[in-house]
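Note that our numbering has the sequence shown beginning at 163, numbered continuously upward.
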Amino acid sequence: MRYDMNNVQKNKEIMTRTKQDEVIIKALKCYQRHLTEQISFHNSIGQSDTIRKVLITELHNVEDVLDPLVAAKKKPRKVARKK
Numbered sequence: 163m164r165y166d167m168n169n170v171q172k173n174k175e176i177m178t179r180t181k182q183d184e185v186i187i188k189a190l191k192c193y194q195r196h197l198t199e200q201i202s203f204h205n206s207i208g209q210s211d212t213i214r215k216v217l218i219t220e221l222h223n224v225e226d227v228l229d230p231l232v233a234a235k236k237k238p239r240k241v242a243r244k245k
């Protein structure tokens, strides 16, 4: 069986911009969920305000990055024109 370099190259296809955005959005949402769980945990055990403030600030930073990405991802639907 001959080794086809073209086939290997196709398999190593570079991720498109939309795929990269999907991966980034998924990772940020996971991190956002993690931060929310950490804030809830620290609230439940009565942790100091300093730790909670840092976590909340980090959560807001994640949301600042995530919101524009999600908004850009949601493309308006194309409505068929009536003739």
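In this text, a Cβ means the ideal position worked out from N, Cα and C, and glycines have one as well. Computed from a prediction, not measured in an experiment: that's the story for all the values here.
task = Find out if the Cβ-Cβ distance for the pair residue 191, residue 217 is shorter than 8 Å.
result = no
ask   = Closest by CA to residue 198, which one among 184, 230, 214 and 209?
value = 214
query = residue 207 by DSSP, collapsed to three states: which one?
reply = coil
query = Is any heavy atom in the ligand FAD found nearer than 7 Å to the beta carbon of residue 212?
reply = Absent from the structure shown: the ligand FAD. Ligands present: none.
Three-way DSSP call (helix, strand, coil) for residue 219 in this model = helix
message = Using C-beta distances below 8 Å, list every residue in its chain close to residue 232, excluding the 5 sequence neighbours before and after it, in chain order.
response = 187
ask   = DSSP three-state call for residue 180: helix, strand or coil?
value = helix
Alpha-carbon spacing of residue 182 relative to residue 235, whole angstroms = 12 Å
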